[in-house]
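For this note's numbering, count along the sequence shown from 1 and bump the result up by 52.
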Amino acid sequence: MSAQEENTKKEAKELNSDDFEEDSHDVADRQEHTIQNNKASILWFEIIYISIFSVIGVTFRSFIGRLFGGDCDPDSAVKDWLYPLSRRICVTTNGRTEQYGGALFIDLPDNMFGSFIIGLFTGHSSEWPAIPFLTHDHPLQTEQGLHLGIRTALCGSLTTFSSWNSQMVLMMDGTANPYLGSQVVAALFGYVIGLQVSIVSFRAGRTLSAWFQNRNNPYLFDENLIRMESQLRRCNNQCYWLSPVALLLFTFVLIALYIWGDVYWGMSYYRKLWIACLISPLGTITRWKLSILNGKCSKYPWFPLGTWLANFTGSIISAALTAIAYLKLVSGEGGTTSLAALSLG
53 MSAQEENTKK EAKELNSDDF EEDSHDVADR QEHTIQNNKA SILWFEIIYI SIFSVIGVTF
113 RSFIGRLFGG DCDPDSAVKD WLYPLSRRIC VTTNGRTEQY GGALFIDLPD NMFGSFIIGL
173 FTGHSSEWPA IPFLTHDHPL QTEQGLHLGI RTALCGSLTT FSSWNSQMVL MMDGTANPYL
233 GSQVVAALFG YVIGLQVSIV SFRAGRTLSA WFQNRNNPYL FDENLIRMES QLRRCNNQCY
293 WLSPVALLLF TFVLIALYIW GDVYWGMSYY RKLWIACLIS PLGTITRWKL SILNGKCSKY
353 PWFPLGTWLA NFTGSIISAA LTAIAYLKLV SGEGGTTSLA ALSLG
């Protein structure tokens, strides 16, 4: 073989090697681009689910609060379709009326329900399927955004520490209720009752979760059982969009009904609701991002720093809004409604 032929083969090998390297770089770039797109898609789905369940949580919290005592004060009652029922169930009070019983604070039923939902969807183990009343291979078990929306947004919007704390402080101070004066004992009982009831509700949710898991996924409790695949139909790519689109439509209809109630009935309560629904995702997303700090304290890894910061900040904002409303620094129905919406959202 001549020297010229050897040089030609060597140049061909170098060209093939360069082409292979370029192809490898192209494949790696495409894979990285696909991974980034998937991450962005997952993030947007999580934000959509959080926003949706924030609105649903605010709705539950508002109507449950009315149902168990919010409409028992004639001066602040909302006389709509719920009033004939809610005015008869006077279990809780906001601590600012002449009605005794402030230890059962106005948001106690919301905290009970939210703690129960947290227990239901948390279960006894992180290895359990996320939705306890469905089988392990149900398509919704893989919807991470849905699980995040229920646990973080729905339960976070239902349960409240800041409003609870603000009511207890108002009761201790007593200036907001000259008729009853300072209610220190009732407020202290309010803290104890609130903590105990939330713990019991959480444990009740976990117990029900275990019952559902034992019924739908018995292999979790019996090592002799084999994890079996059911005959559920698998979702295609279109099914992936079904649940968020359906929930989005439901949310838009819900907010539209509140706006219609504001315009048609002229009730400030519904104006407060639709404003609160629009701003609630901001608080929920902030709380979600702060939760990244949980366990990041090197000295105290058990301390939920992010959750503490969210509750601490929420308590300060709630106290500030309560003070502004009490001192009447904002005048007019629009101003008071906006303050109430900010506190609710």
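Virtual Cβ for every residue (Gly too), placed ideally from N, Cα, C.
Asked, Found
"Count the other CB atoms, across all protein chains shown, that sit within 10 Å of the CB of P270; report buried if there are 16 or more and exposed otherwise.", "exposed"
"Is G208 buried or exposed, if buried means 16 or more other CB atoms sit within 10 Å of its CB?", "buried"
"So, at 8 Å on beta carbons, what are the nonlocal neighbours of V382 in its own chain, with the 5 sequence-adjacent residues on each side left out?", "I376, T388, S390 and L391"
"Return helix, strand or coil for T303, following the three-state DSSP convention.", "helix"
"Do the region 336-352 and the region 93-108 meet, that is, are 3 or more Cβ pairs less than 8 Å apart?", "yes"
"Count the other C-beta atoms from every protein chain shown that fall within 10 angstroms of the C-beta of D159, then say buried if there are 16 or more, exposed otherwise.", "buried"
"Grouping DSSP H, G and I as helix and E and B as strand, with all else coil, what is F157?", "strand"
"Would you be able to state if there are at least three C-beta pairs under 8 Å between the region 290-310 and the region 349-368?", "no"
"Given a threshold of 16 other Cβ atoms within 10 Å of its Cβ, counted over all protein chains shown, does R267 qualify as buried or as exposed?", "exposed"
"Look up C145 in the DSSP assignment and give the residues it is bridged to.", "One detail in the question is off: residue 145 reads as Thr in this sequence, not Cys. Bridge partners of T145: F157."
"Please identify the residue among T212, H176, I169 and S215 whose C-alpha is closest to the C-alpha of H199.", "I169"
"Quick check: what's the CA-CA separation for Y321 versus T111?", "12 Å"
"According to the neighbour-count rule (16 or more other Cβ atoms, all chains shown, within 10 Å of its Cβ), is E195 buried or exposed?", "buried"
"Just to confirm my understanding: we take K348, look at its own chain, exclude 5 residues before and 5 after, and list those with CB closer than 7 Å. What are they?", "L357"
"Taking only runs of the alpha helix (DSSP H) that begin and end inside the region 332-392, which ones reach a length of at least 4 residues, in chain order?", "357-378"
"Can you tell me which of G313, L325 and T259 puts its alpha carbon nearest to the alpha carbon of S177?", "T259"
"Short of 8 Å in beta carbon distance, which residues of its chain neighbour F273, apart from the five on each side in sequence? Order them along the chain.", "Q265 and N266"
"So what's R203 in DSSP terms, helix, strand or just coil?", "helix"
"To the nearest angstrom, how far is it from the Cα of T187 to the Cα of D314?", "42 Å"
"Verify whether the separation of the beta carbon atoms of T204 and S343 is less than 9 Å.", "yes"
"If distances are taken between C-alpha atoms only, which option among L396, D225, S167 and I100 comes closest to C329?", "L396"
"Should V244 and M164 be called a contact, given that it needs their Cβ atoms to be closer than 9 Å?", "no"
"Taking only the alpha-carbon atoms, compute the straight-line gap between G400 and W216 and give it to the nearest angstrom.", "Residue 400 is absent from the model: the chain starts at 53 and stops at 397."
"If we ignore side chains and look at the alpha-carbon of each, how far apart do A262 and V252 end up?", "15 Å"
"Between T303 and the rest of its own chain, which residues show a CB-CB distance below 6 Å, the 5 nearest in sequence each way excluded?", "I104 and V107"
"If we count the other Cβ atoms within 10 Å of its Cβ and call it buried at 16 or more, is S350 buried or exposed?", "exposed"
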